[in-house]
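Visitor:
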Amino acid sequence: MNLYSYFFDITPVIKDIDYKFKKKGAVIEVYRRYISMYLYRLHGIYKNTKINPPAVSIIENEIDLGEVFRVQNKVRLFAKNRKHLSLLLTEMGRQKVFKQNCDLTEIQEVPANISAYEIIKRVRIPSVINGDEVAFALAQEIKNNPDNNYLNFMVSSSFNSNKKFIRYYYTKIPVSRDNFTGKLDGYGFSRKKNTVCVPSF
Numbered sequence: 152m153n154l155y156s157y158f159f160d161i162t163p164v165i166k167d168i169d170y171k172f173k174k175k176g177a178v179i180e181v182y183r184r185y186i187s188m189y190l191y192r193l194h195g196i197y198k199n200t201k202i203n204p205p206a207v208s209i210i211e212n213e214i215d216l217g218e219v220f221r222v223q224n225k226v227r228l229f230a231k232n233r234k235h236l237s238l239l240l241t242e243m244g245r246q247k248v249f250k251q252n253c254d255l256t257e258i259q260e261v262p263a264n265i266s267a268y269e270i271i272k273r274v275r276i277p278s279v280i281n282g283d284e285v286a287f288a289l290a291q292e293i294k295n296n297p298d299n300n301y302l303n304f305m306v307s308s309s310f311n312s313n314k315k316f317i318r319y320y321y322t323k324i325p326v327s328r329d330n331f332t333g334k335l336d337g338y339g340f341s342r343k344k345n346t347v348c349v350p351s352f
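For reference, each letter of the sequence shown is one residue, going 152 to 352 in our numbering.
1. In the structure shown, what three-state DSSP assignment does Leu239 receive?
2. Name, in chain order, the residues that DSSP records as bridge partners for Thr322.
3. For my contact list, Pro204 and Gly333 are in at a C-beta cut-off of 8 Å; report their separation, rounded to the angstrom.
4. Please confirm whether Ala230 and Val349 have their CB atoms less than 7 Å apart.
5. May I have the straight-line CA-CA distance separating Lys166 from Asp283, to the nearest angstrom?
6. In terms of DSSP beta bridges, what is Asp283 paired with?
7. Report the three-state DSSP secondary structure of Phe310 (helix, strand or coil).
8. From Met188 to Arg233, what distance separates their C-alpha atoms?
9. Given a cut-off of 7 Å on the beta-carbon distance, is the pair Ile293 and Phe304 in contact?
10. With a threshold of 6 Å, establish whether the CB of Ala290 neighbours any heavy atom of the ligand ADP.
11. In angstroms, rounded to a whole number, what distance separates the CA positions of Phe158 and Leu216?
12. Tell me the DSSP secondary structure of Lys198 in three-state form.
13. Please list the terminal residues of the continuous beta strand (DSSP E) segment that includes Val219.
Printed below as a string of structure tokens:
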């Protein structure tokens, strides 16, 4: 039996992407923008309600637009019980972004035959100040690691004030058993010392 027994998916609805975004960077970034927006808005729901963040997985797939691109194209949210996700879907239904800019699946049970799991964990970039060469080298290593990816989150809690973004790096660590649990961060990712294991499928 899986620790997280239920899930639903959020998939971007992006119109005319094959006409508007011809360059590889633009295609990848527009998907990243949508996925980042969903998680940022979900973070706001968690802060303003008593709903705890479910465990999050960001699914990457290849899309063919005449050229093949690998993009972040789905958010999968896991919970231990159906009610947790049902309450979250109710709150999401009150927000325009989730009504118009994505497809939401129904709540489903995690398949019983899952044998692959992963830890999805934030990777913090060290602050690079005063010419610290060690910190700079580590920051570059994190940014250039193909196993890492990132999202863009707004610094401010309001979409109408501070428009600056921060890069939120994360990594996926494959594990063979569903035996890691701990407190999630405010977005649903594993913390440094509290790893959470989710089904991988």
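Just so you know, even glycine gets a beta-carbon here, dropped at the ideal spot from N, CA and C.
Guide: Answer, in terms of the structure:
1. When DSSP states are grouped into helix, strand and coil, Leu239 belongs to the helix group.
2. BP columns for Thr322 point to Lys272, Asn299.
3. That pair is no contact at about 12 Å.
4. It is not a contact, given that the beta carbons lie outside the stated cut-off.
5. So the alpha carbons of these two residues sit roughly 44 Å apart.
6. Residue pairing from DSSP leaves Asp283 without any beta-bridge partner.
7. Because Phe310 carries a pLDDT of 47, less than 50, the predicted location of this residue cannot be relied on, and the following value inherits that uncertainty. Secondary structure of Phe310 (DSSP, three-state): coil.
8. Using only the alpha carbons, I get a separation of about 24 Å.
9. Not a contact, by the Cβ cut-off of 7 Å.
10. With respect to the ligand ADP, the structure shown offers nothing to examine, as it has no ligands at all.
11. Rounded to the nearest angstrom, the gap between the Cα atoms of Phe158 and Leu216 is 29 Å.
12. Lys198: helix per DSSP, three-state reduction.
13. For Val219, the enclosing beta strand (DSSP E) starts and ends at 219-230.
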